[in-house]
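If you read the protein sequences in the order shown, they are chains A and B.
Going by our numbering, the first sequence wraps up at 1141, each residue one higher than the last.
Going by our numbering, the second sequence wraps up at 468, each residue one higher than the last.
Glycine included, C-beta positions come from ideal geometry on N, C-alpha and C.
Since this is a predicted model, take the numbers as computed values, not measurements.
The block underneath contains the structure these notes are about, expressed in structure tokens.
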Amino acid sequence: MSSTLSACGAVLRRDLTLVWRRRGDAANPLLFALMVVALFPFALGPESAQLQRIAPGVVFVAVLLAGLLALDTLFRGDYEDGSLEQLVLSPHPLPLLLACKIAVHWLTTALPLILISPLLGEMLHITPEARWLLPLGLLLATPLLSLIGAVCVALTVGMHRAGMLLALLVLPLYVPALIFGAGACMAAQAGLPYLAPLLWLSAALVLALVLAPLACAAALRISLA
Amino acid sequence: MPIPDSLERPPLLEARGLAFSRNDEPIFGPVDFALHEGEVVLVEGDNGAGKTTLLRILSGLLAPTEGEIRLRGAPLTLRDLSPQVSLLSHQAGLKLDLTPIENLRFAAGLHGARAGMSPTTALAGVNLSGYADEPVRHLSAGQRKRVALARVLMAPVALWLLDEPYANLDRDGIELVNRLLENHANRGGAALITSHGAYAYTSGTPRRIRLHARSGEPA
């Protein structure tokens, strides 16, 4: 009887290996966000005051949409090749195994975006105060997006061509994270206090960390039945 | 209530009045059967008779509409079931981008491995040693089936639920499955296998459960 820890390790190792084998696909969200942000100065003109005002919002929306692009792949492959059945049938707690899968998904889709977010902000002439707040805001917001998204993916994975439905389900739930995350950076740019929205984000993240894997497990069992 | 050793041991798996309907449309049942240790039972039925559904219910993926399943005499709960059962379903549960060894290593992490069994020995057990480092994507359907069988072989469980284990296999493969089943039964394991009748378990005459489309009658 192997321990739950080694089962989690096996999930992490396998999913990371899979991402590495298909690293071309893994770069898609990064390129997408980069392109969206790069296009704004062309569309709006290079006037730095105008770009600066919208910079945090644009970066947050670009990251959010890039995440949405990669969201459907979270359980789709495992559902189609039967790995998900094996995961559900393992003797270990399913929420924990799913939390590992979500963690890998976040590490490989959101973390690269967070790392280049200062650059994305710079492309839009973001102010220095907001530039360092951008990665922090994303560090709190993107795991929340991954967790909420995972529950919605788990609900829709049993359907064919669930892409549109998934977007409809997920976007309203993403809005609060967007408001607080982008709002904090906007406030920092305007020289206003920005701690409160970040604390709200943190609270929501803690709640999602505890509840989302459980909801995910329940939703997947329904999708498999 | 503990049962004294002198009395007959309860069957490994027992189904009483098991039936399943999807959207009020009966799929199979009710069926009654018992599966004892050391026994291989063949579930027969035409396409759509509910063989796969029966296996999914017995593995705990689906809840039966009616009836009761008992595991070693106790009512079934998912927590008791999952360490005891290994399911081979139509989708092999293999990652095409990984090699057979990597796939089996993942399975060993998830389900554990039988004493004296490792991904390497399990792969040798299904005669695929030469393909350990080849991505599963490059393997044929029959070879993928063998990798999936290696996973079942490696799992430290008493009960095998094999859905069409003979599909896609050549003559050697069919003999291999029969040999694996025989060894498993000899060490006290039990197996429930489905077949639509084209291939069959050839060693001895296994007990059969017959499922009929719509209303099934146990034979």
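Cβ neighbours of Gly309/B within its own chain (closer than 6 Å, five residues either side excluded): Leu327 and Leu330. The C-beta of Pro1044/A has fewer than 16 other C-beta atoms within 10 Å across all chains shown, which makes the residue exposed. Annotation note: the stretch 366-390 of chain B contains the following uninterrupted alpha helix (DSSP H) runs of length 4 or greater, listed N- to C-terminal: 368-374. For Leu1140/A, the neighbours in chain B by C-beta distance under 9 Å run, in chain order, Arg305, Leu310 and Leu311.
Interface with chain B (8 Å Cβ-Cβ cutoff): Asp997/A is included. When Glu286/B, Asp281/B, Asn352/B and Gly391/B are compared, the shortest CA-CA separation from Leu430/B is found for Glu286/B. DSSP links Pro275/B through a beta bridge to Ser270/B.
Contact with chain B is found for Ser1006/A, since one of that chain's Cβ atoms lies less than 8 Å from the residue's Cβ.
Per DSSP, the beta bridge partners of Val289/B are Ala440/B.
Rounded to the nearest angstrom, the gap between the Cα atoms of Leu1140/A and Cys1068/A is 14 Å. In the DSSP assignment, Arg969/A falls within the alpha helix (DSSP H) that extends over Ser964 to Leu987. Within the stretch 996-1062 of chain A, the alpha helix (DSSP H) runs of at least 4 residues that lie entirely inside it are, in chain order, 999-1005, 1010-1025 and 1027-1039. Leu327/B sits in a helix when the DSSP states are folded into three classes.
Membership of Glu317/B in the beta strand (DSSP E) is indicated by the continuous run Glu315 to Leu320. The C-alpha of Asp421/B lies about 41 Å from the C-alpha of Ala942/A.
When the beta-carbon positions are compared, Leu347/B and Val375/B stay at least 8 Å from each other.
Straight across, the Cα-Cα distance linking Leu1005/A with Arg939/A is about 29 Å. Pairwise C-beta distances place the stretch 1125-1136 of chain A out of contact with the stretch 286-305 of chain B, as fewer than three of them are shorter than 8 Å.
Relative to the Cα of Leu377/B, the nearest Cα in the group Gly361/B, Gly358/B and Leu353/B belongs to Leu353/B. Where Leu1123/A is concerned, there is no enclosing beta strand (DSSP E), although the alpha helix (DSSP H) around it starts and stops at Leu1111 to Leu1140. The DSSP-derived three-state label of Ser922/A is helix. Chain B has a Cβ within less than 8 Å of the Cβ of Ala923/A. Closest in alpha carbon position to Ala1104/A, among Pro1088/A, Leu1089/A, Ala1083/A and Leu1049/A, is Leu1049/A.
Rounded to whole angstroms, the gap between the alpha carbons of Arg265/B and Pro279/B is 8 Å. The beta-carbon of Leu1012/A is placed no less than 8 Å from the nearest beta-carbon of chain B. Residues of chain A whose Cβ lies closer than 8 Å to the Cβ of Gly365/B do not exist, since the nearest Cβ in that chain is about 15 Å away. Rounded to the nearest angstrom, the Cβ distance from Leu1060/A to Ala1120/A is 6 Å, consistent with a contact under 8 Å. Per DSSP, Val952/A is one residue of the alpha helix (DSSP H) stretching across Asn944 to Leu960. By a beta-carbon distance limit of 8 Å, Val975/A contacts Ser1033/A. Their separation comes to about 6 Å.
Shown here for Leu343/B: same chain residues with a beta carbon closer than 7 Å to its own, the five before and five after excluded, namely Asn352, Val385, Arg393, Val396 and Ala397 in chain order. The Cβ atoms of His387/B and Trp409/B do not sit closer than 8 Å to each other.
Arg456/B: not part of any alpha helix (DSSP H); member of the beta strand (DSSP E) spanning Arg456 to Leu460, first to last residue.
By alpha-carbon distance to Leu1082/A, the top candidate from Phe958/A, Thr989/A, Leu955/A and Gly993/A is Thr989/A.
Gly1074/A is the residue among Leu1054/A, Gly1037/A, Gly1074/A and Leu1029/A whose C-alpha sits nearest the C-alpha of Ile1138/A. The C-beta distance from Leu984/A to Val1086/A rounds to 7 Å, short enough to fall under 8 Å. For a Cβ distance threshold of 7 Å, residue set Ala926 and Arg930 of chain A lies close to Phe355/B, ordered along the chain.
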